[in-house]
Amino acid sequence: MEPSKFGSKEIAVIALVILMVIGVAFKQKKLRWLVLLGSLVIIGFQYNTPISLANITGLLMGNFPSIRENLVWYILLIGIPVITFILGKNVYCFWLCPFGALQEITAKVGGGKFKCCNKAVEAKAAKIRYALIYLALIGAFLTKSPSFAGYEPFATLFGRQGFGIQWLILPVVIFSSFFISRFWCRFFCPGLILNEIILRPRKYIMGILEKEILEKAKLKKVQGTEGIELISAKELNNIGVEE
Numbered sequence: 010m011e012p013s014k015f016g017s018k019e020i021a022v023i024a025l026v027i028l029m030v031i032g033v034a035f036k037q038k039k040l041r042w043l044v045l046l047g048s049l050v051i052i053g054f055q056y057n058t059p060i061s062l063a064n065i066t067g068l069l070m071g072n073f074p075s076i077r078e079n080l081v082w083y084i085l086l087i088g089i090p091v092i093t094f095i096l097g098k099n100v101y102c103f104w105l106c107p108f109g110a111l112q113e114i115t116a117k118v119g120g121g122k123f124k125c126c127n128k129a130v131e132a133k134a135a136k137i138r139y140a141l142i143y144l145a146l147i148g149a150f151l152t153k154s155p156s157f158a159g160y161e162p163f164a165t166l167f168g169r170q171g172f173g174i175q176w177l178i179l180p181v182v183i184f185s186s187f188f189i190s191r192f193w194c195r196f197f198c199p200g201l202i203l204n205e206i207i208l209r210p211r212k213y214i215m216g217i218l219e220k221e222i223l224e225k226a227k228l229k230k231v232q233g234t235e236g237i238e239l240i241s242a243k244e245l246n247n248i249g250v251e252e
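Each number in our numbering comes from the position in the sequence shown (counting from 1) with 9 added on.
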């Protein structure tokens with residue numbers, strides 16, 4: 010049996026994830042920039058291991074690498090979705106994504122206040138990411154190559170490698186992010202859709218639980234105990250629901 014590979018890379022990523030969880034759970038917003046900058050350096054430039062559509066496609070195809078040699082892969086691809094489901098927050102995109110961190114830095118420098126259109130038009134334009142994901146996944150499954158789905162520009166940035174059009178897309182995205190806050194995230198990134206897939210069933214489950222709690226509270230109220238509002242608040246807090 011091969012020895013487990015556990016070193017500075019794994020320790021650094023685990024530390025960032027722990028800080029992220031603390032920051033989100035206890036609303037310590039000051040930790041956010043520390044985590045984002047750490048992610049940009051460690052997950053981005055140093056180790057080039059951000060979550061990508063190619064990684065997720067590999068997971069869907071049943072490509073599971075050795076956990077002994079790829080612990081970070083499992084932390085990000087399995088651990089982050091679990092944490093997202095438990096906390097009910099889009100933790101990766103807004104706390105741990107290295108490319109998101111870079112875009113926030115460029116927006117700080119350039120202002121990031123430009124509004125290219127009204128919110129209704131922007132919402133419709135953002136639907137383009139659904140088409141991109143669909144085409145990327147179809148191409149990946151047809152070619153049986155998970156890497157085909159990796160259309161994100163951060164692979165080119167952090168890995169310093171890519172094919173023709175990727176080197177054209179990257180500077181356009183970075184330049185745009187100086188003036189439009191999180192330009193890539195707003196219109197093209199699959200991350201928001203993936204988080205939606207995780208959080209939708211959670212919302213459904215929590216809705217059922219809340220309904221049961223309210224029904225139980227009504228019964229207790231009829232029996233002459235505590236009021237419905239107080240019981241609901243207590244029981245919801247006990248199961249860690251916070252929207």
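Ideal placement from N, C-alpha and C gives every residue a C-beta, glycine not left out. Since the structure is predicted, the reported quantities are computational estimates derived from the model, not experimental observations.
Quick one: residues in its chain with C-beta nearer than 7 Å to the C-beta of L179, no 5 flanking neighbours on either side, listed in chain order?
These residues qualify, in order along the chain: P162, T165 and L166.
Which of helix, strand or coil DSSP assigns to I60
Correct three-state label for I60: coil.
Stretch-stretch touch, CB-based, cutoff 8 Å, three pairs: the region 185-204 with the region 74-83:
Short answer: they don't touch.
N204 burial status per 10 Å Cβ neighbour count (16 or more: buried):
Around the CB of N204, 16 or more other CB atoms lie within 10 Å, so the residue is classed as buried.
Suppose you measure from the CA of E19 to the CA of A134; what does that come to, to the nearest Å?
If you take the alpha carbons of E19 and A134, they lie about 38 Å apart.
How close, in whole Å, do the beta carbons of L208 and G97 come, if the pair is a contact with beta carbons under 8 Å?
Contact check for L208 and G97: beta-carbon distance about 7 Å, within the 8 Å limit, so the pair qualifies.
Pairwise C-alpha distance: I214 and K117:
When rounded, the distance between both Cα atoms is 38 Å.
Using alpha carbons as the reference points, say which of V100, V91, M70 and L111 lies closest to K36.
Across the set V100, V91, M70 and L111, the C-alpha of V100 shows the shortest separation from the C-alpha of K36.
Buried or exposed by the 16-neighbour rule on C-beta atoms within 10 Å, applied to N64
Around the C-beta of N64, 16 or more other C-beta atoms lie within 10 Å, and the residue is accordingly described as buried.
Using only the alpha-carbon positions, how far apart do I27 and I52 sit?
Answer to the nearest angstrom: the Cα atoms are 14 Å apart.
Tell me which residues share the same chain as G249 and place their Cβ nearer than 8 Å to its Cβ, disregarding the 5 neighbours each side in the sequence.
Here the model assigns G249 a pLDDT of 40, short of 50, so the residue's position is not dependable, and the following value carries that caveat. Answer for G249: I95, listed in chain order.
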